[in-house]
Amino acid sequence: MDRAALPAAVEPKKKGNVRFAFACAILASMTSILLGYDIGVMSGASLYIQKDLKINDTQLEVLMGILNVYSLVGSFAAGRTSDWIGRRFTIVFAAVIFFAGALIMGLSVNYAMLMFGRFVAGIGVGYALMIAPVYTAEVSPASARGFLTSFPEVFINFGILLGYVSNFAFARLSLRLGWRIMLGIGAVPSVLLAFMVLGMPESPRWLVMKGRLADAKVVLAKTSDTPEEAAERLADIKTAAGIPLDLDGDVVTVPKNKGSSEEKRVWKDLILSPTSAMRHILIAGIGIHFFQQSSGIDAVVLYSPRVFKSAGITGDNRLLGTTVAVGATKTVFILVATFLLDRIGRRPLLLTSTGGMIVSLVGLATGLTVVSRHPDEKITWAIVLCIFCIMAYVAFFSIGLGPITWVYSSEIFPLHVRALGCSLGVAVNRLTSGVISMTFISLSKAMTIGGAFFLFAGIASFAWVFFFAYLPETRGRTLEDMSSLFGSTATRKQGATEADDDAGKDKKVEMAATN
C-alpha cells in the first residue's frame, strides 16, 4: 500500500512517547504471566497431582479446566471494578487475588483445597485478562497500538514457558513436594507486579470519564506521537464520553445519566437493543474469542505431555523437555507477531495464522491416528510428523490468532460499552477454554485423540471463513474512529443530530491546530 494512503496515525512517531507507552504496556501486560504460568505449570504438575492425590481422569480434567470457568467471575466483575476504581488499581487487585490463590494451591493437602485455590486464582486471572488489553489499548497511540496491545499474549506465552521450565526444574523433587512448589511459586511474580504497577499512570480515557481533564492531558502528552494527536485524542474521548468540546478545566462535571440508568443504557446499546453496526462489533468481538479457544490451543498446550505420550514419546523427563520446546516456540513466534501487527495489519496475519493452524491440525491428527493404530510399532515418520505439526500449530497460532484476539477485541468497542464488551469477550474466551480443557481427555477417549484434532481442524476452518467475511482491518485507526469500519455505532441519544457531530469534528480540528 502506498504510504500516502495510510491513515495519519501511522506516520513517523516520537520515540520518547512510544517508549513511555511501551513501559506502561509491559507493566499492565505482565498480569497475563499469571494465566500463562498456570497453564504451563499445570500441564506437568498434573502428572504428579494425579499420582499423589490418587484422582481419576475425570477429576483431573475438571481440575485442569475449572480455573477458566472460575475466571468468569473475575472477568465480569472487572468491568465494573475498573470503571469504579480505575484500570491501574484493578490490575493491582488482580495480582493480590492471584497471589492468594497460588498460595492456597501450593499449600493444598487434598483435592478439595486444591479446587478452592483454583477458584481464588481463577478470579484473579479473569480480572487480569480483561483489564490488561483494555488499559494497554487506552494508553497507546494508534500508530503502535497493535504492537503494544499484543503484549498480554506475549506475556501469556512467557508465563507458559516459565511454567514448563518450572515443571522440568522441580520434577526431581519428592512426589509430595514437587507439584506443590510448582504451583506455590506462582505467587512470587504477583507480589512484584502489584508494586510495579503502582508506578503506572491511569488510563486517559478513564480519567476523562471521571472528569479529570488535567490528569488526562498529562498522560496523553506522554503517550501521543505529537501534541496535535494528543489534542485530537482528548477531543475524541470527550466526545465519546459526552463532554462538550468547549468545556475545559482541571476537573469538570461529566454529563451522564445517574446510577442504574447509565448501566441500563450500556446494556441496551450493546446487548438488548443494539444498532446493526453495534451488533456487528459485538459478534466480531465475541466470535474471535470463541474461535481462538475452540480451535484447540488449550488441548495442545495444557495437555502437551499427554499428546506427546500419545505420539510415542516416553519418560517424564523427555515429555517435560519436549513441552519446554513448545513453550519456547510459542514465545519466539509471539515476539515476531508483535512487530508485524502494525506493519502488515490484523487481517492478513489472522487469515494466514488460521490457515496454517488448519494444515497443522490435520497433520497432527493424521500422525496421532497412525501411531494409535500401530501401538506395538515405532513409526518414526508419524512421530516426527506429530512433533513438527505441534510446533507448527503453536507457531501459526502465536503469529496471528493468539495476539490478534486481544488486540482486536480491545480496540473495536465504543468507549461507553468497552468495559462490558471486553468482559463479555473474556467470558466467552474463558468459558470455551474451560469446556475444551474439561472435556479433552473424555473426548479423546470417545473419538480417539486423532479424531479430536480432526474436530479442531474443522472448527478452525469455520473460523477462517468467519474472519474473512466478518472482520474488517483496524490497523492505524484511532479507538474513536472505529465507527467508520462498522457503520455508525452511535446510540440513539448520541446520533440524534448529525449537525452536532459535524460541528464537533470541526471543533476537534480547530483544537488540534491551536494546541
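For the sequence shown, the working numbering assigns the number 28 to the initial residue and increments by one for each residue that follows.
Cβ atoms here follow ideal geometry from the backbone N, Cα and C, with glycine treated the same way.
Under a three-way DSSP split, which group does K332 fall into?
Numbered from its first residue, the sequence shown carries residue 332 at position 305. Reading off the sequence shown, one finds Pro at residue 332, where the question assumed Lys. Three-state DSSP puts P332 in a helix.
Pick helix, strand or coil for S387, following the three-state DSSP scheme.
As a working note, residue 387 is residue 360 in the sequence shown. If DSSP states are grouped into helix, strand and coil, S387 belongs with the helices.
Report, in whole angstroms, the separation of the C-beta atoms of A80 and A148, which I expect to be a contact under 8 Å.
Translated into positions along the sequence shown, residue 80 becomes position 53. Translated into positions along the sequence shown, residue 148 becomes position 121. Looking at the sequence provided, one finds Leu at residue 80 rather than Ala. Their Cβ separation, rounded to whole angstroms, is 18 Å, which puts L80 and A148 out of contact at 8 Å.
In whole angstroms, give me the CA-to-CA distance for I124 and V152.
Locating residue 124 in the sequence shown gives position 97, counting from the first residue. Locating residue 152 in the sequence shown gives position 125, counting from the first residue. For I124 and V152, the distance between alpha carbons rounds to 8 Å.
So what's A338 in DSSP terms, helix, strand or just coil?
In the sequence shown, the residue the question calls residue 338 occupies position 311. Coil at A338, not helix or strand.
Is E404 buried or exposed, if buried means 16 or more other CB atoms sit within 10 Å of its CB?
Counting from one through the sequence shown, the residue named residue 404 turns up at place 377. Label assigned to E404: exposed.
Taking the straight line between their C-alpha atoms, what separation do you get for R519 and M305?
Start at 1 with the first residue of the sequence shown, and residue 519 comes out as number 492. Start at 1 with the first residue of the sequence shown, and residue 305 comes out as number 278. Confidence at R519 is low in this model, with a pLDDT of 40, below 50, so the placement of that residue should be treated as unreliable; the coordinate-derived value is given next. Cα-Cα distance, rounded: 12 Å.
Could you check whether L329 and K336 sit closer than 8 Å to each other, using their CB atoms as the reference points?
Start at 1 with the first residue of the sequence shown, and residue 336 comes out as number 309. Start at 1 with the first residue of the sequence shown, and residue 329 comes out as number 302. Contact: no.
Keeping to the same chain, check which residues put their C-beta closer than 7 Å to that of F21; ignore five residues upstream and five downstream.
As shown, the chain starts at 28 and ends at 542. That puts residue 21 outside it, with no answer to give.
What does a CB cutoff of less than 6 Å around M465 pick up in its chain, not counting 5 residues either side in sequence?
Position 438 of the sequence shown, counted from the first residue, corresponds to residue 465. Taken in chain order, the residues that qualify are E88, V89, G92.
Determine the extent of the alpha helix (DSSP H) in which P160 is found, giving its start and end residues.
To locate residue 160, count along the sequence shown from 1; it is residue 133. Its alpha helix (DSSP H) spans residues 138-166.
Closer than 7 Å by C-beta to G394: which residues in its own chain qualify, once you throw out the five before and the five after it? Chain order, please.
What you label residue 394 is simply residue 367 of the sequence shown in a count that begins at 1. For G394, where only same-chain residues beyond five positions count, the Cβ hits under 7 Å are A338, A409, L412, C413, C416.
Quick one: what's got a C-beta closer than 6 Å to S460's C-beta in the same chain, skipping five residues either side?
On the sequence shown, position 433 is the one that residue 460 refers to. Once the five neighbours on either side are set aside, the close Cβ partners of S460 are N95, Q320, D325.
Let me make sure I understand the geometry here. Which of M223, H401, A48, I183 has the alpha-carbon closest to that of F120?
As a first step, residue 120 must be located in the sequence shown, where it is residue number 93. Here the closest residue by C-alpha is M223.
Alpha helix (DSSP H) containing D84: first to last residue?
Here the question's residue 84 lines up with position 57 in the sequence shown. D84 -> alpha helix (DSSP H) spans 84-112.
Looking only at its chain, what residues have a beta carbon closer than 7 Å to the beta carbon of E500, apart from the 5 residues adjacent to it on each side?
As a working mapping, residue 500 is identified with position 473 in the sequence shown. Excluding residues within five positions, the ones whose Cβ falls inside 7 Å are G372, R373, R374.
Assign H401 to one of three DSSP states: helix, strand, or coil.
Looking up residue 401 in the sequence shown gives position 374. Reduced to three states, the DSSP call for H401 is coil.
Looking at C-alpha atoms only, which residue of E438, V353, L368 is the closest neighbour of S331?
On the sequence shown, position 304 is the one that residue 331 refers to. The shortest Cα separation from S331 among E438, V353, L368 belongs to V353.
Using the rule of at least 16 other Cβ atoms within 10 Å of the residue's Cβ for burial, across every protein chain shown, is N456 buried or exposed?
Position 429 of the sequence shown, counted from the first residue, corresponds to residue 456. Looking at its Cβ environment, which holds 16 or more other Cβ atoms inside 10 Å, N456 is buried.
Please give me, in chain order, every unbroken run of the alpha helix (DSSP H) with length at least 4 that falls completely inside the region 166-248.
Listed in chain order, the complete alpha helix (DSSP H) runs (minimum 4 residues) inside the region 166-248 are 172-176, 178-197, 202-211, 214-224, 231-236.
Closest by CA to G429, which one among I112, M132, F182, T250?
Walking along the sequence shown from the start, residue 429 turns up at place 402. Residue F182 is the option with its Cα nearest to G429.
Return the chain-ordered list of same chain residues with a C-beta closer than 8 Å to the C-beta of V293, the five sequence neighbours on each side being excluded.
Residue numbering aside, residue 293 sits at position 266 when the sequence shown is read from its first letter. So the list reads H443, V444, L447, once near-sequence residues are dropped.
Measuring only the C-alpha atoms, how far is L156 from Y64?
In the sequence shown, residue 156 corresponds to position 129, counting from 1. In the sequence shown, residue 64 corresponds to position 37, counting from 1. Their backbone Cα atoms lie some 13 Å apart in a straight line.
Any heavy atom of the ligand GTP closer than 7 Å to the CB of V89?
Judged by which ligands are present, the structure shown has none, so any question about the ligand GTP falls away.
Helix, strand or coil: how does DSSP classify T280 here?
For the purposes of this step, residue 280 is taken as the residue at position 253 of the sequence shown. In this structure, T280 counts as coil in the three-state DSSP scheme.
If you count every other CB in all the chains shown that lies within 10 Å of the CB of R400, and 16 or more means buried, which is it?
What you label residue 400 is simply residue 373 of the sequence shown in a count that begins at 1. R400 is exposed by the Cβ-count criterion.
Determine the extent of the alpha helix (DSSP H) in which D369 is found, giving its start and end residues.
Sequence index remark: in the sequence shown, residue 369 carries index 342 (1-based). Looking at the DSSP string, the run of the alpha helix (DSSP H) that includes D369 is 343-371.
Tell me the DSSP secondary structure of L498 in three-state form.
Working through the sequence shown from its first residue, we reach residue 498 at position 471. Correct three-state label for L498: coil.
Are there three or more Cβ pairs, one per stretch, closer than 8 Å when the region 130-141 is compared with the region 469-478?
Cβ pair count under 8 Å is below three, so no.
Nearest to T396 by alpha carbon, out of F481, I82, T302, V100?
Walking along the sequence shown from the start, residue 396 turns up at place 369. Taking only the C-alpha atoms, the option nearest T396 is F481.
Can the beta-carbon of T117 be found closer than 8 Å to that of A105?
Counted from its first residue, the sequence shown places residue 117 at position 90. Counted from its first residue, the sequence shown places residue 105 at position 78. Yes. Within cutoff.
Can you tell me whether DSSP reads L130 as helix, strand or coil?
Start at 1 with the first residue of the sequence shown, and residue 130 comes out as number 103. In the structure shown, L130 sits in a helix (DSSP, three-state: H, G or I).
So T250 and P168 are in contact, right, with Cβ under 8 Å, and what is the actual spacing, rounded?
Counting from one through the sequence shown, the residue named residue 250 turns up at place 223. Counting from one through the sequence shown, the residue named residue 168 turns up at place 141. Sure, about 6 Å apart at Cβ, within 8 Å.
Report yes if the C-beta distance between L202 and Y75 is below 8 Å; otherwise report no.
Locating residue 202 in the sequence shown gives position 175, counting from the first residue. Locating residue 75 in the sequence shown gives position 48, counting from the first residue. The answer is yes: Cβ separation under 8 Å.
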